[in-house]
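There are 2 protein chains.
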Amino acid sequence: MADGLRERKKQETRIALSWAAVRLAVERGYGNVRIEDIAAEAGVSLRTFRNYFDSKADAIAAREVDRSLRIAEELRARPADEPLWVAVRAAIEKHFALGEEGHGGQRPPDEQWLAGIRLMMSEPALQGAVARAYARAGDELAAAIADRTGTSGMYPRLVAEVIAATRGVVTAEWLRADPPRSIAELLSSALDQIEAGLPVPE
Amino acid sequence: MADGLRERKKQETRIALSWAAVRLAVERGYGNVRIEDIAAEAGVSLRTFRNYFDSKADAIAAREVDRSLRIAEELRARPADEPLWVAVRAAIEKHFALGEEGHGGQRPPDEQWLAGIRLMMSEPALQGAVARAYARAGDELAAAIADRTGTSGMYPRLVAEVIAATRGVVTAEWLRADPPRSIAELLSSALDQIEAGLPVPE
DNA sequence: CAGGAAATTGCCTAAAAGGCATCTTTGCTC
DNA sequence: GAGCAAAGATGCCTTTTAGGCAATTTCCTG
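Protein chains in written order, with the working numbering: chain Y, 16 to 217; chain P, 16 to 217.
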């Protein structure tokens, strides 16, 4: 078998800890959550929490790490003969569609997930951990792009980082836009601009 | 007056702490430096260190924060009628030329500065703080671009984040390239690709 | 089902984070 | 140039985090 009970349980614990961390932080505020509480919520000891994550911030960011890594996965899943940017668009779109299937059910914009995103964007103490998460995702993405295009050097990394940046900007704009705008629309617009070389719009 | 002795001294202390933090971390390794040591090195109390920075990592990243903020400054300093991307190229080039004038003298590639950069790129515990630094710089840059181009919405932020990403990729490539390559050349190449919309190279 | 690797846990020490009160220094006013 | 108010520096204190070490329990393999 690929991974026995052992590996699966470890993954479950990791996810349980991360969700517990996000939930508690959203409820009480980041600063009012002790890792002891998170561990208790997930049913493990404080010391075990520490075996999984180096810090409280990492635990909260873990969920976003997993989600972000999917972009590279999605990209690899696209047909190999599809043009790069077409595949990229599809991969990011799928990434953004994620959030419904968070922990089982599929109630639309998943309030829990959204609150978590807002938390991560607003709490300064979390930005570092989140940034590291995105850096990790960028590495994977760059590798996927290198494989797909057969390029090396700066190109794969440039594309990966630009995609990561785009994703961040789109997310921020989506959260901010007061007459709400659809993510798909924002994303499409942003990628159009990227592909056009970012000329100053008139 | 704009800033009295008070303000200037505060700035000096901040810089002294940051340099001390970098120097000690480079010498002994990040984990073997206590903030107490940094404070002592800079001639202030431990408690005062904490008034300046929230963490050891922040102190180390502070120098990079200041340096990164200069990109936006340089951009604002360019002639207003210069095309955006021309101005951007010039601003980043100047940013990269920085490092000689670190703390007074101007011995070429400033070993101290380079070692600091390597440290920041390699030590995981620092990546969060550094990422936050770049995020700050991105905000300033986006504002500068918005002012210069008279645009709003996602465009200024997209450009700012793409520039930040480019700078990061170029720096990484420059540090890694074994037959060393000039920063100017790498930067120029990267920006050419960005302006062309990142088509897959042949 | 026995041996061994891996994970969980408790215990312990060092270090970090940050509130609060006090003392100094700086900048401004008369 | 003396005095006053505000801002900064410092010391002290408590809570929380970080992580090493060893004992114990849980899963995998042969």
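Glycine residues also receive a C-beta, built at the ideal position from the N, C-alpha and C atoms. Just so we're clear, the structure is a prediction, and the values are computed from it rather than from any experiment.
Using a Cβ cut-off of 8 Å (strictly closer), state whether residue i contacts chain P.
i      : result
Y:V59  : no
Y:T186 : no
Y:P194 : no
Y:G120 : Reliability fails at Y:G120, whose pLDDT of 44 lies under 50, so the model's placement of it is uncertain and the value that follows must be treated cautiously. Not an interface residue.
Y:E176 : yes
Y:A31  : no
Y:A150 : yes
Y:A180 : yes
Y:L173 : yes
Y:Y67  : no
Y:R147 : yes
Y:A144 : yes
Spatial neighbours of residue i within its chain, please: C-beta separation below 8 Å, excluding the five flanking residues on both sides.
i      : result
Y:G183 : Y149
P:L141 : Y45, A72, I75, A76, L134 and M135
Y:L39  : V48, D52, I53 and E56
Y:V41  : Q127, A130, G131 and L134
Does residue i get closer than 8 Å to chain Y when you measure Cβ to Cβ?
i      : result
P:P216 : yes
P:E97  : no
P:G44  : no
P:E79  : no
P:T166 : yes
If I follow the unbroken alpha helix (DSSP H) through residue i, where does it start and stop?
i      : result
P:P171 : M169 to R191
Y:P139 : P139 to T164
P:A112 : L99 to A112
Y:R196 : It is not in any alpha helix (DSSP H) - Y:R196 carries neither H nor E in the DSSP assignment.
Y:D54  : Sequence inspection shows Ala at residue 54 of chain Y; the Asp mentioned does not correspond to that position. Unbroken alpha helix (DSSP H) run through Y:A54: I50 to A57.
Y:E217 : Premise fails: Y:E217 is in no alpha helix (DSSP H) and is neither H nor E.
P:N66  : L61 to Y67
Y:A77  : K71 to A92
Report, in whole angstroms, the separation of the C-beta atoms of residue i and residue j, which I expect to be a contact under 8 Å.
i      : j      : result
P:V145 : P:E79  : 6 Å
Y:E108 : Y:A199 : 7 Å
P:R172 : P:A157 : 5 Å
Y:A57  : Y:A31  : 4 Å
Y:E155 : Y:A87  : 4 Å
P:I209 : Y:L213 : 7 Å
Can you name, in chain order, every residue of its own chain whose Cβ lies under 6 Å from the Cβ of residue i, other than the five neighbours on each side?
i      : result
Y:F68  : A74
Y:A179 : Y149 and G153
P:L201 : V185, E188 and W189
Quick one: which residues of the stretch 129 to 142 of chain P get their C-beta closer than 9 Å to a C-beta of chain Y? List them in chain order.
P139, A140 and Q142
Along the stretch 199 to 214 of chain P, what residues have a CB closer than 9 Å to any CB found in chain Y?
L201, S204, A205, Q208, I209, E210, A211, G212, L213 and P214
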